[in-house]
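Residue numbers (our numbering): 49 to 327.
For every residue, glycine included, the Cβ atom is placed at its ideal position computed from N, Cα and C.
This is how it looks when you write it as structure tokens:
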């Protein structure tokens with residue numbers, strides 16, 4: 049599943065069904081308001097970027113039948129869990145659903161097998177090291193975890209967003225939020241060397257600006273929907289503010305218009321009062 053999205057949005061509580069109804073449970077993996085990343089993985093398209101937030105599997109046809117991914121026959125494919133994966137055993141007309149295991153770690157491999165009764169399952173490849181295992185199961189496909197997203201250590205980015213960044217950072221240092229308003233946030237940072245800071249704030253192309261000790265630093269889109277920035281080593285005061293000049297101009301015009309309207313209203317009331325007093 050993609051609990052990584054909840055974690056990086058700093059979701060502190062998760063509503064779950066309990067024995068007596070819905071209960072709010074503390075999310076122990078919430079990342080906080082900001083954290084330091086160590087590794088940068090880049091991708092060419094937004095689709096590739098968002099898929100990288102989960103787990104990628106390499107699935108390979110090891111049997112005499114046909115392996116299908118989204119209706120397309122393949123010998124080998126990289127999948128992410130949302131695809132329709134089926135296997136058609138040779139001589140059969142009914143396709144079998146191929147499951148993916150969410151509990152697998154990077155580099156782990158399982159085999160999709162059918163036993164002598166026609167039941168399918170995922171088993172460890174070591175089953176085939178014994179004669180009994182080879183007789184009991186027919187191996188149809190192998191599934192290996194290619195990569196898993198490690199939210200605590202890495203970020204995924206578009207190649208266009210990662211220009212000028214290093215691929216690796218030490219991740220040493222701290223970033224702490226000190227003040228929060230809807231249009232202004234402040235942080236204190238103490239960094240050992242240049243670091244890539246990830247903020248648990250949704251990225252917008254326009255409006256938000258980041259200032260480090262008063263100097264503007266570019267905000268980059270990371271993890272498909274968050275803000276990030278490379279910040280020099282040392283102790284710094286960070287301030288993120290919402291500022292769009294054209295909106296300021298519109299606000300000024302609206303304010304002047306309101307003042308003029310209020311003034312006209314006062315003049316109208318005064319003239320009405322003066323006319324009544326003259327009678």
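>> Quick check: the Cα distance between residue 144 and residue 164, rounded to an integer number of angstroms?
In response: Whole-angstrom Cα-Cα distance: 15 Å.
Straight-line CA distance for residue 281 to residue 235?
-> Roughly 15 Å between the two C-alpha positions.
**Asked** So is residue 232 buried or exposed if we call it buried at 16+ other beta carbons inside 10 Å?
**Response** Around the CB of residue 232, fewer than 16 other CB atoms lie within 10 Å, so the residue is classed as exposed.
Review point. Residue 225 by DSSP, collapsed to three states: which one?
Key: DSSP places residue 225 in strand when its eight states are reduced to three.
query = Just reading off the beta strand (DSSP E) that residue 277 is part of, what are its end residues?
reply = For residue 277, the enclosing beta strand (DSSP E) has its first and last residue at 274–279.
- Task: Apply the 10 Å Cβ neighbour rule to residue 49 and answer buried if 16 or more other Cβ atoms are within range, or exposed otherwise.
- Result: Annotation note: pLDDT 45 at residue 49 (below 50); position unreliable, coordinate value reported separately. Exposed, because fewer than 16 other Cβ atoms sit within 10 Å of the Cβ of residue 49.
Check: Does the beta-carbon of residue 317 have 16 or more other beta-carbons within 10 angstroms, so that it is buried, or is it exposed?
Finding: Classification for residue 317: exposed.
is_contact[residue 309, chain D] using C-beta, thresh 8 Å
Here chain D cannot be found, since the structure has a single protein chain.
Touching by the beta-carbon criterion (3+ pairs, under 8 Å), the stretch 198–212 and the stretch 82–98:
Taking a cut-off of 8 Å for Cβ pairs, the stretch 198–212 and the stretch 82–98 touch, as three or more such pairs fall below it.
How long is the line joining the alpha carbons of residue 221 and residue 239, rounded to whole angstroms?
-> Here the C-alpha atom of residue 221 lies approximately 4 Å from the C-alpha atom of residue 239.
- prompt: Span of the beta strand (DSSP E) holding residue 246?
  reply: Its beta strand (DSSP E) spans residues 243–250.
Residue 103 classed as buried or exposed, judged by whether at least 16 other C-beta atoms fall within 10 angstroms
By the neighbour-count rule (16 or more Cβ atoms within 10 Å), residue 103 is buried.
Looking at C-alpha atoms only, which residue of 142, 166, 99, 290 is the closest neighbour of residue 52?
Distance from the Cα of residue 52 is smallest, within the candidate group 142, 166, 99, 290, for 99.
Original post:
Helix, strand or coil: which one does DSSP assign to residue 145?
Top reply: Under the three-state reduction of DSSP, residue 145 is assigned to strand.
Discussion item. If you follow the beta strand (DSSP E) that residue 127 is in, where does it begin and where does it stop?
Written reply: Run containing residue 127: 124–127, per the beta strand (DSSP E) assignment.
Quiz item: Where does residue 347 land, buried or exposed, given buried means 16+ other C-beta within 10 angstroms?
Solution: Past the edges of the chain, shown from 49 to 327, lies residue 347, and the structure says nothing about it.
Taking the straight line between their C-alpha atoms, what separation do you get for residue 69 and residue 63? For residue 69 and residue 63, the gap between their C-alpha atoms comes out near 10 Å.
**OP:** Give the DSSP-derived three-state secondary structure of residue 260 in the structure shown.
**Re:** Secondary structure of residue 260 (DSSP, three-state): strand.
Quick one, are the C-beta atoms of residue 115 and residue 189 less than 8 Å apart? Their beta carbons are under 8 Å apart, which means residue 115 touches residue 189 by this criterion.
Q. Rounded C-beta distance between residue 273 and residue 251? I'm assuming under 8 Å.
A. About 6 Å separates the CB atoms of residue 273 and residue 251; that is less than 8 Å, so the two are in contact.
Margin query: By the three-class DSSP mapping on this structure, what secondary structure does residue 49 have?
Written below: Its pLDDT being 45, under 50, residue 49 is placed unreliably in this model, and the coordinates cannot settle the point.
Notebook entry, point to check: So residue 60 packs on residue 75, CB below 8 Å; how close in whole Å?
Noted result: Right, the Cβ-Cβ distance comes to about 6 Å (below 8 Å), so this counts as a contact.
Item to check | Beta-carbon separation (whole angstroms), residue 95 vs residue 248, contact threshold 8 Å | outcome: Contact doesn't hold; Cβ gap of about 23 Å is too wide.
Own chain residues within Cβ distance below 6 Å of residue 284, not counting five before or after:
Excluding residues up to 5 positions away in sequence, 237, 260, 261 lie with their Cβ nearer than 6 Å to the Cβ of residue 284 in the same chain.
Rounded separation between residue 215 and residue 209 - CA only: Spanning the two alpha carbons is a distance of roughly 13 Å.
Next on the checklist: Relative to the C-alpha of residue 171, which candidate in 155, 291, 191 has its C-alpha closest?
Outcome noted: Closest option to residue 171, Cα to Cα, is 191.
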